[in-house]
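Q: Right, I'll just put the structure down here and ask away after.
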Amino acid sequence: MKLILRKLKKNQLLLRETDKGGNLYVAHINEFEEKAADYRLKTGAYEELSSSPIEEILSKVTRLLNDLHVKNKQISLQQYKKMIPSQLTVELAYIYYNPKTHKNPITLRPIMNTIHAATTGISRFLDQSIRPLFDKHAQPRPIIDGGHLLRQLEQYVRNGHLKPTTLFCTADITNLYTMLPQDESLK
Numbered sequence: 012m013k014l015i016l017r018k019l020k021k022n023q024l025l026l027r028e029t030d031k032g033g034n035l036y037v038a039h040i041n042e043f044e045e046k047a048a049d050y051r052l053k054t055g056a057y058e059e060l061s062s063s064p065i066e067e068i069l070s071k072v073t074r075l076l077n078d079l080h081v082k083n084k085q086i087s088l089q090q091y092k093k094m095i096p097s098q099l100t101v102e103l104a105y106i107y108y109n110p111k112t113h114k115n116p117i118t119l120r121p122i123m124n125t126i127h128a129a130t131t132g133i134s135r136f137l138d139q140s141i142r143p144l145f146d147k148h149a150q151p152r153p154i155i156d157g158g159h160l161l162r163q164l165e166q167y168v169r170n171g172h173l174k175p176t177t178l179f180c181t182a183d184i185t186n187l188y189t190m191l192p193q194d195e196s197l198k
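Using the working numbering, the first residue of the sequence shown is number 12, and each one after it goes up by one.
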């Protein structure tokens with residue numbers, strides 16, 4: 012393993028897991044960085060920071076939750092504890108990319124790592140609160156993977172819905188999250 016890492020470093024190569032299929036992708040670092048820069052430029056949704064705003068973000072999130080709990084009494088102590096970020100473990104969210112080798116030309120899928128972000132506790136709390144309602148009322152349910160699709164199709168056939176006129180289609184949505192207006196989404 013160390014030999015592989017040394018060779019990659021010596022030749023300025025990058026090794027990444029692909030977006031689908033669990034394969035590995037090897038590319039020159041400059042090529043990969045160029046694709047990432049092109050993506051950021053094209054979407055206009057991301058910018059490189061010259062300094063870390065983590066202290067400011069942590070302060071704003073903490074102040075908001077304190078106000079909701081103490082000042083306005085809109086959340087309970089239990090809810091507050093579930094959502095408040097830990098100063099010891101909080102990290103600035105960051106972006107990385109997985110190559111989409113099933114596309115021609117090869118593009119990149121941006122992944123935001125927010126596992127230790129200041130708002131992760133709020134996200135988890137909201138997901139736990141809203142998920143039961145969503146699961147109960149959202150129809151049709153999303154397809155998770157190929158096996159799930161086959162089971163859904165078998166059920167569709169058993170229910171007598173498959174007709175000679177049935178049409179199937181797929182859609183490829185590009186940059187969904189960067190298309191959502193942030194200000195309106197927050198309201």
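Glycine included, every Cβ here is placed at the ideal spot set by N, Cα and C.
As the structure is a computational prediction, the values presented were derived from the model and not from experiment.
1) Buried or exposed: where does LEU76 fall if 16 or more other Cβ atoms within 10 Å of its Cβ makes it buried?
2) Give the DSSP-derived three-state secondary structure of PRO121 in the structure shown.
3) Distance check for ASN41 and ASP78, CA to CA, integer angstroms please.
4) Determine whether the beta carbon atoms of PRO213 and ARG27 lie at a separation below 8 Å.
5) Assign ILE106 to one of three DSSP states: helix, strand, or coil.
6) To the nearest angstrom, how far is the alpha carbon of ASN186 from that of LEU52?
7) Find the nearest neighbour of SER134 within the set THR177, ALA48, PRO96, judged by alpha-carbon distance.
8) ASP183: which of THR130, SER70, GLN150, LYS114 sits nearest, CA to CA?
9) MET123: buried (16+ other C-beta within 10 angstroms of its C-beta) or exposed?
10) Can you list, in chain order, the residues of its chain whose CB lies under 7 Å from that of THR112, leaving out five sequence neighbours each side?
11) With distances taken Cα to Cα, identify the nearest neighbour of THR130 among LEU160, ALA104, HIS80.
12) So for VAL168, helix, strand or coil by DSSP?
13) Throw me the rounded Cβ distance for the PHE145 and GLN90 pair, which I believe falls under 8 Å.
14) With a threshold of 7 Å on Cβ separation, who are the neighbours of ALA47 within its own chain once the five nearest residues in sequence on each side are excluded?
15) What is the residue span of the beta strand (DSSP E) that TYR36 lies within?
16) Cα-Cα, which of TYR50, GLN23, ASP49 is closest to HIS39?
17) Under a three-way DSSP split, which group does GLU66 fall into?
18) Which residues in the same chain as HIS80 place their Cβ atom closer than 8 Å to its Cβ, once the five residues preceding and following it in sequence are excluded?
A: Walking through what the data contain:
1) buried
2) strand
3) 47 Å
4) For the chain, the structure presents residues 12 to 198; residue 213 sits outside this window and is missing.
5) strand
6) 13 Å
7) PRO96
8) LYS114
9) exposed
10) THR29, ASN34, TYR36
11) ALA104
12) helix
13) No, PHE145 and GLN90 are not in contact; Cβ-Cβ is about 19 Å, not under 8 Å.
14) TYR108, LEU119
15) 35-39
16) GLN23
17) helix
18) ILE86, SER87, LEU88, GLN90, TYR91
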